[in-house]
DNA sequence: CGGAACTGTAGTCACGACGGCTACGGAATG
DNA sequence: CATTCCGTAGCCGTCGTGACTACAGTTCCG
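Residue numbers (my numbering), protein chains in the order written: chain C, 3 to 144; chain E, 3 to 144.
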């Protein structure tokens, strides 16, 4: 009765929103880690794929750190989701007896359903950008 | 990069479809377990909530076993999903620093988003019933 | 009525994902 | 250079999952 113990997506969204609120100032892993209440190493691991996709930049050395590589308005959440969750099944699957016709057919149906559900998720997340989250922060704070 | 290692939903859907194909003949946990390629005890654990909700019946003793308590057409998959997955978050959450305004706001936004996504999933699953899966099996077999 | 067949449930176990943490190498700054 | 930061490998504790055993309770049949 408990799934999705995976916090990568939530942490990434938090970090992106945090960075968006800094106006180009770079933030170190440690600062981000305190804000998100996780370990600095975890921050770097989570942000790695986002850097690979060109959403953020990271720079070593003094005054280095992380910064957005795109405008907040140009970062929809489905990109983050896809980068971090990949194409994992949303429903769960299982390996039925290969000799069972019911099993094979049900599995095929579930795979199709899973794809549709995954598409629905990304469609919903596509409508939200980091800029939206940032303005929610500012409205809440004011 | 891997979520949903939970096979309860898939197993339950398999069993329900299997039972629907038996026309009121009861099936033992062991028969169901072979078909789904899992352990008989696991079958009983997974089916427990479905029995509690009145989707299936189970009877101990000789010639006992499991049988549908409703017509296949009256079992939409979202009921199975809700019974087995409860209201677990689909996206993942995390506990941000309570003193961080960004963290609190982002988390609220994610909770809202999660609810919308969960609703989308159940809406999609509501459109599919065990009867649909059964006819898919029969079309595939013929 | 006694034994067989089945469910119900507790308990133990192995495995894997998740995240915290340390350590160390490499790159950029001053 | 020395400092500061990222990049990554590695180890560890924790937890969810599902297999498996064991046994009590229930129903049916001879």
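We put the CB at the ideal spot given by N, CA and C, even for glycine.
Can you confirm whether residue i, when its beta carbon is compared against all beta carbons of chain C, has any partner nearer than 7 Å?
i	result
residue 128 of chain E	no
residue 70 of chain E	no
residue 143 of chain E	yes
residue 94 of chain E	yes
Less than 7 Å separating the beta-carbons of residue i and residue j?
i	j	result
residue 130 of chain E	residue 79 of chain E	yes
residue 96 of chain E	residue 9 of chain C	yes
residue 135 of chain E	residue 111 of chain C	yes
residue 39 of chain E	residue 89 of chain C	no
residue 70 of chain C	residue 127 of chain C	no
residue 15 of chain E	residue 48 of chain E	no
residue 137 of chain E	residue 142 of chain C	no
residue 120 of chain C	residue 122 of chain E	no
So the candidates are the options; which of them puts its Cα closest to the Cα of residue i?
i	options	result
residue 133 of chain E	C:53, C:104, C:33	C:104
residue 109 of chain E	E:84, E:91, E:124	E:91
residue 63 of chain E	E:35, E:31, E:98	E:31
residue 93 of chain E	C:83, C:40, C:45, C:22	C:83
residue 67 of chain C	C:76, C:81, C:45	C:45
residue 85 of chain C	C:111, C:114, C:75, C:55	C:55
residue 58 of chain E	E:106, E:17, E:115	E:17
residue 51 of chain E	E:11, E:101, E:102	E:11
Report yes or no: is there a C-beta of chain E within less than 7 Å of the C-beta of residue i?
i	result
residue 55 of chain C	no
residue 159 of chain C	Lying outside 3 to 144, the shown extent of chain C, residue 159 of chain C is not represented and no answer is given.
residue 99 of chain C	yes
residue 16 of chain C	yes
residue 35 of chain C	no
residue 75 of chain C	no
residue 20 of chain C	yes
residue 41 of chain C	no
Just the chain E side, please: which residues come within less than 7 Å of residue i by C-beta, in chain order?
i	result
residue 32 of chain C	Those within 7 Å of residue 32 of chain C in chain E number zero; the least Cβ separation is about 13 Å.
residue 67 of chain C	Correct list: empty, because the minimum Cβ distance to chain E is about 16 Å.
What do you reckon, is the C-beta of residue i under 6 Å from a heavy atom of the ligand SAH?
i	result
residue 82 of chain C	The ligand SAH is absent from the structure shown, which contains no ligand whatsoever.
Anything in chain E within Cβ reach of residue i, meaning under 8 Å, just list it in chain order.
i	result
residue 104 of chain C	16, 19, 20, 23, 37, 139
residue 112 of chain C	12, 15
At a CB-CB cut-off below 8 Å, which residues of chain C make contact with residue i?
i	result
residue 52 of chain E	Those do not exist, as residue 52 of chain E stays about 14 Å from chain C at its closest Cβ, beyond 8 Å.
residue 135 of chain E	107, 108, 111
Please list the segments of the beta strand (DSSP E) lying wholly inside the region 83-132 of chain E, counting only runs of 3 or more residues, in order along the chain.
Qualifying beta strand (DSSP E) stretches: none in this window.
So within the region 33-68 of chain C, which uninterrupted alpha helix (DSSP H) runs reach at least 4 residues, ignoring any that extend past its ends?
DSSP runs (the alpha helix (DSSP H)) wholly in the region 33-68 of chain C: 42-54.
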